[in-house]
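Trainee: Residues 1 to 239 in full-length UniProt numbering are what the sequence shown spells out, letter by letter. Each residue gets a CB set at the ideal place from its N, CA and C atoms; glycine is no exception.
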Amino acid sequence: MDQSRNWKNEDEDNLGRTELGGEPIKQESVVADDSAGPNEPLGSGHNPKKPSKAGSEAKEWIKALVIAGILVFVIRWLLVSPFIVDGESMEPNFQNRERIIVNKILYKIRDPKPGEVIVFHVPEESRDFIKRVIAVPGDTVRVEGDTVYVNDKPLDEPYLKKAIEAAHAEGHDYNDTNFPNAQFPEGTVPENTLFVMGDNRPNSKDSRMIGYIPMDHVVGRAELIFWPAAEIKYIGRGY
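Structural data, given as structure tokens:
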């Protein structure tokens, strides 16, 4: 989901992708061999040539490869895509250079939900970001220190518990950018947009700085960390 596209920003997670695909080859019908000449008498004992076993096997391999190519194309472009995390804005839960699988079909069926990790386009910067959904259309959101309030209720963020506790043990907040702020004073999420933040709150360029994310910019949901092999994890909702 080989060419690569990388985000290049010291604070951001960029995503590179590997493109795969293939074009279908039309299968032709089998016809009888008409190699006997027009003047050859019937009953001469001539046997039409039969396709060689090697030739038949080669055709079967070609057909199998074509089908595999079509499946790869469909899966790669319509269902899922592999991406490379490039940056630190989603630490401690996503590490630099990890490979992830993004589900591209889910949000054609339903809208993103709070807690899900998404990949989305940022046209102004000609690249893709990976962030966590915090609030959805109609929600009110505010960020005060290490507490996020959605509809005036503190948001439970177990995925940040250890990071926040470590910062407090050092005598400071984990987060250093609040919301709403002077740049974005409106705290109600508009229709067809999302409020997102990176897990690495002090080192993430997200809705606190770039505003609400249009739904039609969303690529899909992060589903799986598949590399390094020792770090394979299902992400899904709320990881």
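For Lys108, count neighbouring Cβ atoms within 10 angstroms of its own Cβ and tell me buried if that reaches 16, exposed if not.
Mentor: It counts as exposed.
Trainee: Is DSSP giving Arg99 helix, strand or coil here?
Mentor: In the structure shown, Arg99 sits in a strand (DSSP, three-state: E or B).
Trainee: Check Met197 in the structure and name its three-state DSSP category.
Mentor: Residue state, collapsed to three classes: strand.
Trainee: If we count Cβ pairs, one from each stretch, closer than 8 Å, do we get three or more for the stretch 213–220 versus the stretch 166–182?
Mentor: Judged by Cβ distances under 8 Å, the stretch 213–220 makes no contact with the stretch 166–182, as fewer than three pairs qualify.
Trainee: Does DSSP put Pro124 in a helix, a strand or coil?
Mentor: It is worth fixing the name first, because residue 124 is Glu in this sequence and not Pro. Note: Glu124 maps to helix in three-state DSSP.
Trainee: Is it a yes or a no for the stretch 163–172 touching the stretch 98–118, going by three-plus beta-carbon pairs under 8 Å?
Mentor: Touching, no, given that fewer than three Cβ pairs across the two stretches are closer than 8 Å.
Trainee: Between Ile164 and the ligand GTP, is there a pair consisting of the residue's CB and a ligand heavy atom that are separated by less than 8 Å?
Mentor: This structure lacks the ligand GTP; in fact it carries no ligand of any kind.
Trainee: Counting along the chain, where does the beta strand (DSSP E) carrying Ser81 start and finish?
Mentor: Here the beta strand (DSSP E) through Ser81 covers Val80 to Asp86.
Trainee: Rounded to the nearest angstrom, how far is the Cβ of Val143 from that of Gly115, given a contact under 8 Å?
Mentor: Actually they do not touch by this definition, with Cβ atoms about 16 Å apart.
Trainee: Helix, strand or coil for Gly236? Go by DSSP, reduced to three states.
Mentor: DSSP places Gly236 in coil when its eight states are reduced to three.
Trainee: Along the chain, which unbroken stretches of the beta strand (DSSP E) at least 3 residues long are found entirely within the stretch 159–231?
Mentor: Qualifying beta strand (DSSP E) stretches, in chain order: 193–197 and 218–227.
Trainee: Applying the criterion that 16 or more other CB atoms from any shown protein chain within 10 Å of the CB defines a buried residue, is Ile232 buried or exposed?
Mentor: Looking at its Cβ environment, which holds fewer than 16 other Cβ atoms inside 10 Å, Ile232 is exposed.
Trainee: Looking at Lys162 and Pro92, is the spacing between their C-beta atoms short of 9 Å?
Mentor: Going by C-beta atoms, Pro92 is nearer than 9 Å to Lys162.
Trainee: Pick from Gly236, Gly187, Phe226 and Arg201: whose alpha carbon is nearest that of Val136?
Mentor: With distances taken between Cα atoms, Val136 lies closest to Gly187.
Trainee: Please state if the CB of Ile235 and the CB of Val80 are separated by a distance shorter than 9 Å.
Mentor: In this structure, Ile235 does not lie closer than 9 Å to Val80 by Cβ.
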